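K.L.:
Structure in structure tokens, see below.
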Amino acid sequence: MTVFSQQDFDGHEQVVFASDAETGLRAIIAIHNTVRGPALGGCRMWAYASEGDAVRDALRLSRGMTYKNALADLPFGGGKSVIIGDARSQKSPELIAAMGRAVDRLAGRYIIAEDVGTSVEDMAVVRNVTRHVAGLKDGGSGDPSPATARGVFMGIRAAVDYRLRRNSLDGLRVVVQGLGHVGWDLCRQLADEGVRLSVSDIRQDHVERAVETFGAAPIDTDSIFDVEADVFAPCALGAVINDNTLPRLKVAVVAGSSNNQLAEDRHGALLAERGILYAPDYVINAGGVINISHEFGPSGTGYDRATAFAHVDRIHDTLMTIFKRADADGVPTNVAADRIAEERFKLSRVA
Ligand code: NAD
Numbered sequence: 162m163t164v165f166s167q168q169d170f171d172g173h174e175q176v177v178f179a180s181d182a183e184t185g186l187r188a189i190i191a192i193h194n195t196v197r198g199p200a201l202g203g204c205r206m207w208a209y210a211s212e213g214d215a216v217r218d219a220l221r222l223s224r225g226m227t228y229k230n231a232l233a234d235l236p237f238g239g240g241k242s243v244i245i246g247d248a249r250s251q252k253s254p255e256l257i258a259a260m261g262r263a264v265d266r267l268a269g270r271y272i273i274a275e276d277v278g279t280s281v282e283d284m285a286v287v288r289n290v291t292r293h294v295a296g297l298k299d300g301g302s303g304d305p306s307p308a309t310a311r312g313v314f315m316g317i318r319a320a321v322d323y324r325l326r327r328n329s330l331d332g333l334r335v336v337v338q339g340l341g342h343v344g345w346d347l348c349r350q351l352a353d354e355g356v357r358l359s360v361s362d363i364r365q366d367h368v369e370r371a372v373e374t375f376g377a378a379p380i381d382t383d384s385i386f387d388v389e390a391d392v393f394a395p396c397a398l399g400a401v402i403n404d405n406t407l408p409r410l411k412v413a414v415v416a417g418s419s420n421n422q423l424a425e426d427r428h429g430a431l432l433a434e435r436g437i438l439y440a441p442d443y444v445i446n447a448g449g450v451i452n453i454s455h456e457f458g459p460s461g462t463g464y465d466r467a468t469a470f471a472h473v474d475r476i477h478d479t480l481m482t483i484f485k486r487a488d489a490d491g492v493p494t495n496v497a498a499d500r501i502a503e504e505r506f507k508l509s510r511v512a
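Residues 162 to 512 in our numbering are what the sequence shown lists, from first letter to last.
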């Protein structure tokens, strides 16, 4: 297994291998860049097929957090940690506490939070052994999903304004894929504005509830890509924009919460070629991390929901900046977003 010479290594500042014999903890903490501040990013617990896969994931995800935190205008750099193991069968409070001690040894260079396979309850356990933790229920920001949904809502507003020159969402047609924590709350906000919704979910009960609650049109999970509408909002899976789905889309905007929506970077360019405005996923879905970051409010003031949500709303303006930059530079929006992020975390080093 290689680290420095592998494709996902991108000048990461520090990669730590942490273990604990008593609990069986095997974890990797990757700190990509701390130019803007301590590295903030979640802890993923996953049954990786190999140690190499775990290293690759930590390198890739931590780099992503540097870009995400920079574009969310947070005073934080990018980091991520992974615990090797099955969260359902191998997680214990003792193991999570051992992970917390590993984080504590980094003395604040990395701030841990929940991710796939870890929960707010786990972060409460971590809090017993280190203060370098975010995403707490008691006295903290709690469930990140409402903030993520708010950010996506503001992002749709920005994209519709830019691409369709519409300020009002009334009568707009939006297709939402996935009616989970984020998708449901997004539907609620859109319905309140008079949006006509089409929805799909692999869970039929979620779809039926959306039909009853929002008067949404039910669509089966594969036909979702063929629906003629103004906006497609993926809120379920990654890699939804791919060689199979992209030619089928009949929308003007792709704007949703899913991570890694583009199967490959080149799909950003292909969307642009088709005249479809893409709101880069890591920008529009940053509401959760913005909300969590406010647990570290100005000296001792603590978390304030109104202040945090006002920050989330700035996703609208950030996306406008990205859309304009993409047009000015003649590049796809995902490339413009990366450029602006890089300018922010590279500029800070000079300042
Ligand atoms: P969730 O698990 O609560 O909801 C996902 C929903 O998608 C579920 O209802 C599931 O049944 C449905 N689904 C799964 N496969 C589907 C398919 N093929 N077609 C249609 N529906 C399908 O997850 P969530 O927290 O709402 O997050 C949604 C997406 O947003 C995920 O990709 C997640 O990584 C991303 N995201 C979430 C947050 C957050 O704060 N929750 C933050 C950033 C990014």
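Here a beta-carbon is modelled for each residue, glycine too, at the ideal position from N, C-alpha and C.
In this text, all values refer to a predicted model and were calculated from it rather than measured experimentally.
(1) In chain order, which beta strand (DSSP E) runs of at least 3 residues are fully inside the region 244-292?
(2) From which residue to which residue does the alpha helix (DSSP H) around residue 181 run?
(3) Should the region 256-263 be regarded as contacting the region 217-233, the criterion being three or more beta carbon pairs within less than 8 Å?
(4) Just curious, the alpha helix (DSSP H) that residue 230 is in, first and last residue?
(5) Let me check you understand the geometry: is the CB of residue 204 closer than 7 Å to at least one non-hydrogen atom of the ligand NAD?
(6) How many angstroms separate the CA atom of residue 138 from the CA atom of residue 418?
(7) Going by other Cβ atoms of all chains shown within 10 Å of its Cβ, with 16 needed for buried, is residue 364 buried or exposed?
(8) Kindly examine the ligand NAD and report whether one of its heavy atoms sits closer than 7 Å to the Cβ of residue 397.
(9) DSSP three-state call for residue 497: helix, strand or coil?
(10) Roughly how many angstroms separate the alpha carbons of residue 485 and residue 163, rounded to a whole number?
(11) With a CB to CB cut of under 8 Å and the five nearest residues on each side skipped, what residues in its chain are close to residue 512?
(12) Given this structure, state the Cα-to-Cα distance separating residue 288 from residue 440, to the nearest angstrom.
(13) Take residue 315 and list the residues in its own chain whose beta-carbon comes closer than 6 Å to its own, dropping the five residues that flank it on each side.
(14) Should residue 205 and residue 276 be called a contact, given that it needs their Cβ atoms to be closer than 8 Å?
(15) Beta-carbon separation of residue 330 and residue 354 under 8 Å?
(16) With hydrogens ignored, establish whether the beta-carbon of residue 525 is closer than 7 Å to any heavy atom of the ligand NAD.
(17) Tell me the DSSP secondary structure of residue 321 in three-state form.
(18) Could you round the C-beta distance between residue 360 and residue 340 to whole angstroms and report it? I think they count as a contact, below 8 Å.
(19) With a Cβ-Cβ cutoff of 8 Å, do residue 447 and residue 312 count as a contact?
(20) Does at least one heavy atom of the ligand NAD sit under 7 Å from the Cβ of residue 173?
(21) By how many angstroms is the C-alpha of residue 504 removed from the C-alpha of residue 421?
P.N.:
Quick look at the numbers:
(1) 271-275
(2) Against the sequence shown, residue 181 aligns to sequence position 20. Residue 181 -> not in any alpha helix (DSSP H); beta strand (DSSP E) instead, spanning 175-181.
(3) no
(4) Walking along the sequence shown from the start, residue 230 turns up at place 69. 212-232 is the extent of the alpha helix (DSSP H) around residue 230.
(5) As a first step, residue 204 is located in the sequence shown; it is residue number 43 there, counting from the start. False, no ligand heavy atom lies under 7 Å from that Cβ.
(6) Residue 138 cannot be examined here, being either before or after the span of the chain that is shown, 162 to 512.
(7) Residue mapping note: residue 364 aligns to position 203 of the sequence shown, counting from 1. Answer is exposed; the Cβ neighbour count stays below 16.
(8) Position 236 of the sequence shown, counting from 1, holds the residue named residue 397. Within the cutoff, so yes.
(9) For the purposes of this step, residue 497 is identified with residue 336 of the sequence shown, where counting begins at 1. Residue 497: helix per DSSP, three-state reduction.
(10) Along the sequence shown, read from residue 1 onward, the residue named residue 485 stands at position 324. Along the sequence shown, read from residue 1 onward, the residue named residue 163 stands at position 2. Computed Cα separation, rounded: 40 Å.
(11) Along the sequence shown, read from residue 1 onward, the residue named residue 512 stands at position 351. Per-residue confidence for residue 512 stands at a pLDDT of 48, beneath the threshold of 50, marking its modelled position as unreliable; the derived number appears in the next sentence. Once the five neighbours on either side are set aside, residue 512 has no close Cβ partner at all.
(12) Translated into positions along the sequence shown, residue 288 becomes position 127. Translated into positions along the sequence shown, residue 440 becomes position 279. For residue 288 and residue 440, the distance between alpha carbons rounds to 35 Å.
(13) Here residue 315 corresponds to residue number 154 of the sequence shown, with the count starting at 1. Cβ within range, chain order: 474, 476 and 477.
(14) The residue you call residue 205 lines up with position 44 of the sequence shown. The residue you call residue 276 lines up with position 115 of the sequence shown. Yes.
(15) For the purposes of this step, residue 330 is taken as residue 169 along the sequence shown, with counting starting at 1. For the purposes of this step, residue 354 is taken as residue 193 along the sequence shown, with counting starting at 1. Against a cut-off of 8 Å, the Cβ pair of residue 354 and residue 330 comes out as a contact.
(16) Past the edges of the chain, shown from 162 to 512, lies residue 525, and the structure says nothing about it.
(17) As a working note, residue 321 is residue 160 in the sequence shown. It is helical.
(18) Position 199 of the sequence shown, counted from the first residue, corresponds to residue 360. Position 179 of the sequence shown, counted from the first residue, corresponds to residue 340. With 8 Å as the limit, residue 360 and residue 340 qualify as a contact, their Cβ atoms being about 6 Å apart.
(19) Locating residue 447 in the sequence shown gives position 286, where the first residue counts as 1. Locating residue 312 in the sequence shown gives position 151, where the first residue counts as 1. Yes, Cβ-Cβ distance for residue 447 and residue 312 is below 8 Å.
(20) Walking along the sequence shown from the start, residue 173 turns up at place 12. Every heavy atom of the ligand NAD is 7 Å or more from the Cβ of residue 173, so no.
(21) Locating residue 421 in the sequence shown gives position 260, where the first residue counts as 1. Locating residue 504 in the sequence shown gives position 343, where the first residue counts as 1. Residue 421 and residue 504: Cα-Cα distance of roughly 22 Å.
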